[in-house]
Amino acid sequence: MADNSRNRSRSRSNENRRGGNGNAINGNRKFDGGERTELRIIIRAKDAGAVIGKGGENVKRLRQEYKASITVTDSRTPERLIIINADEEGLIGIVTDVGKALFENAKERSRNDLDDLVLKFLIHNSQAGCVIGKAASKLKELKQELKVDLKVFPDCCPRSSERLIRVTGKPDLIAKAMVHILFMLKNWPPKGLIDYYDPSNCDESMIGEYGGYGMDDDDDDDRQRGGRRFQRDRNGGGRRDSYSDRGRDRDIDGRRGGGGYGGRERGRDRDRDFNPRDNYNGVTQLLNSVRTTQQVSIPAELAGVIIGKSGSNIRRIRNETGAEVDLDDAGGGQNDRVITIQGTPEQIAGAQYLLQMSVKQHLAKNS
Numbered sequence: 001m002a003d004n005s006r007n008r009s010r011s012r013s014n015e016n017r018r019g020g021n022g023n024a025i026n027g028n029r030k031f032d033g034g035e036r037t038e039l040r041i042i043i044r045a046k047d048a049g050a051v052i053g054k055g056g057e058n059v060k061r062l063r064q065e066y067k068a069s070i071t072v073t074d075s076r077t078p079e080r081l082i083i084i085n086a087d088e089e090g091l092i093g094i095v096t097d098v099g100k101a102l103f104e105n106a107k108e109r110s111r112n113d114l115d116d117l118v119l120k121f122l123i124h125n126s127q128a129g130c131v132i133g134k135a136a137s138k139l140k141e142l143k144q145e146l147k148v149d150l151k152v153f154p155d156c157c158p159r160s161s162e163r164l165i166r167v168t169g170k171p172d173l174i175a176k177a178m179v180h181i182l183f184m185l186k187n188w189p190p191k192g193l194i195d196y197y198d199p200s201n202c203d204e205s206m207i208g209e210y211g212g213y214g215m216d217d218d219d220d221d222d223r224q225r226g227g228r229r230f231q232r233d234r235n236g237g238g239r240r241d242s243y244s245d246r247g248r249d250r251d252i253d254g255r256r257g258g259g260g261y262g263g264r265e266r267g268r269d270r271d272r273d274f275n276p277r278d279n280y281n282g283v284t285q286l287l288n289s290v291r292t293t294q295q296v297s298i299p300a301e302l303a304g305v306i307i308g309k310s311g312s313n314i315r316r317i318r319n320e321t322g323a324e325v326d327l328d329d330a331g332g333g334q335n336d337r338v339i340t341i342q343g344t345p346e347q348i349a350g351a352q353y354l355l356q357m358s359v360k361q362h363l364a365k366n367s
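By full-length UniProt numbering, the letter at position 229 of the sequence shown is numbered 229, and the numbering carries on one by one without gaps.
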């Protein structure tokens with residue numbers, strides 16, 4: 001029942017933060033005139049004090065100076081979220097100010113001399129293609145134009161549809177780069193499931209893949225994120241295309257077993273012209289373009305959930321992922337039905353994710 005309550009709470013929170021047509025604020029708002037938009041930044045929990053200031057004085061000052069809404073979330077994990085809602089000028093000013101405070105904090109802690117600041121902000125998974133471009137061409141262009149280093153992490157943050165972009169550079173350039181990217185994304189509204197990242201779902205076993213912060217991270221480690229640890233994850237025995245909370249293999253109905261919907265949740269990209277794993281060598285691109293087939297059995301009583309009213313749910317999954325998804329005909333007296341998924345590895349992963357979410361939502365409603 002606790003999980004059900006959290007799901008309802010998250011759904012209400014998500015709806016409150018979307019535009020009138022259901023799109024996420026950061027994909028739907030424009031910078032025309034004094035139009036406001038939302039920026040969501042991930043920071044270390046231990047840096048929150050530098051942002052908030054003594055007695056909250058720094059946040060209060062920024063709110064008044066820029067007529068902005070600023071929230072620093074609370075969490076018992078190593079991550080905190082700064083949510084800023086302001087116009088273009090306000091966003092640049094606030095992020096520059098926050099960046100300078102974080103930079104001073106980082107310099108005090110670091111074992112080495114630091115020249116640049118690292119900040120990370122969130123975008124919807126479906127918008128990542130707009131930032132990366134075909135064969136990373138747009139990412140390279142943005143780096144040169146904005147004079148910062150950019151990395152789009154390959155996986156969604158745990159239990160969300162959001163991905164992190166890491167920006168490295170001078171505080172004022174980082175602020176302008178973030179706002180530039182938000183402006184660019186106004187013409188690329190989010191598609192599919194919108195599930196905002198909650199830092200309480202931080203998973204330290206996955207931070208090398210989604211770009212988050214761990215309890216023992218320091219500023220020097222952060223500059224290696226996606227490098228040393230990510231390479232170890234990719235080369236050390238393969239990766240599971242599956243989705244349990246902590247890497248346990250489970251069937252779609254929650255029973256333990258192989259070949260079901262086990263493992264961790266993964267993001268998916270609908271722009272299949274680029275490699276979402278942020279590794280654009282020819283071998284990886286070739287592997288990602290190969291179409292394969294995967295079959296999974298589900299309890300027969302869940303077939304209606306997968307299909308949806310008049311086939312609406314299975315059509316939605318096909319349209320959003322580009323995968324071919326078919327459910328076999330019901331046989332007399334059979335307890336299981338077989339789902340066949342055909343497509344590239346990323347298409348299959350996306351379809352698996354949506355299938356799993358359909359079942360989870362159904363079970364939550366009926367628990």
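Quick reminder that beta carbons are idealized off the backbone N, C-alpha and C, glycines included.
_If you follow the beta strand (DSSP E) that Lys-134 is in, where does it begin and where does it stop?_
No beta strand (DSSP E) holds Lys-134; DSSP gives it neither H nor E.
_Can you check which of these residues, Lys-186, Gly-308, Cys-156, is closest to Gly-208 by C-alpha distance?_
For Gly-208, the closest C-alpha among the options Lys-186, Gly-308, Cys-156 is that of Cys-156.
*So who's on the other strand from Ile-207, going by DSSP bridges?*
Bridge partners of Ile-207: none, in fact.
*Using a Cβ cut-off of 9 angstroms (strictly closer), state whether Ile-314 contacts chain B.*
Protein chains in the displayed structure number just one, and chain B is not present.
*Measure from the alpha carbon of Asp-328 to the alpha carbon of each residue in Gly-322, Val-338, Asn-319, Gly-211, then state which is nearest.*
Nearest in C-alpha terms to Asp-328, of all of Gly-322, Val-338, Asn-319, Gly-211, is Val-338.
*When we look at the beta-carbon of Arg-318 and count the other beta-carbons within 10 Å, is it buried (16 or more) or exposed?*
buried
_For Val-51, which residues in the same chain have their Cβ closer than 8 angstroms to its Cβ, ignoring the five residues on either side in sequence?_
Ile-43, Asn-58, Val-59, Val-72, Ile-82, Val-98, Ala-101, Leu-102.
*Who are the near neighbours of Asp-203 in its chain, counting only those whose CB is closer than 6 angstroms to its CB and skipping five residues on each side?*
So the list reads Pro-158, once near-sequence residues are dropped.
*Ile-194 - DSSP class collapsed to helix/strand/coil*: coil
*Helix, strand or coil: how does DSSP classify Lys-60 here?*
helix
*Buried or exposed by the 16-neighbour rule on C-beta atoms within 10 Å, applied to Gln-361*: exposed
*Find out if the Cβ-Cβ distance for the pair Ser-161, Gly-192 is shorter than 9 angstroms.*
yes
_Taking only three categories from DSSP, how would you classify Asn-85?_
strand
*asked:* Going by C-alpha to C-alpha distance, which of Asn-335, Ala-351, Asp-336 sits closest to Gly-322?
replied: Ala-351
_Alpha-carbon to alpha-carbon, Leu-164 and Val-296_ = 31 angstroms
*How many Å lie between Val-179 and Glu-104 at the Cα?*
22 angstroms
*asked:* Using the Cβ count rule (16 or more neighbours within 10 Å means buried), how would you classify Asn-85?
replied: So Asn-85 counts as buried.
*Hey, would you say Ala-177 sits closer than 9 angstroms to Leu-139, going by beta carbons?*
No.
*Give me the Cα-Cα distance between Tyr-197 and His-124, rounded to the nearest whole angstrom.*
10 angstroms
*From Ala-364 to Glu-65, what distance separates their C-alpha atoms?*
44 angstroms
*So what does DSSP say about Thr-77, is it helix, strand or coil?*
coil
*Note down the Cα distance separating Val-359 from Leu-39, rounded to an integer number of angstroms.*
Each residue's Cα considered, the two are about 31 angstroms apart.
*Using the Cα positions of Ser-110 and Leu-91, report the straight-line distance between them to the nearest angstrom.*
27 angstroms
*Can you tell me the Cα-Cα spacing of residue 370 and Ile-307, whole angstroms?*
The structure shown does not extend to residue 370, since the chain spans only 1 to 367, so no value can be given for it.
*To the nearest angstrom, report how far apart Lys-120 and Asp-172 are at their CA atoms.*
C-alpha separation (whole angstroms): 14 angstroms.
*asked:* Could you tell me the alpha carbon to alpha carbon distance between Ile-314 and Ala-303, rounded to whole angstroms?
replied: 10 angstroms
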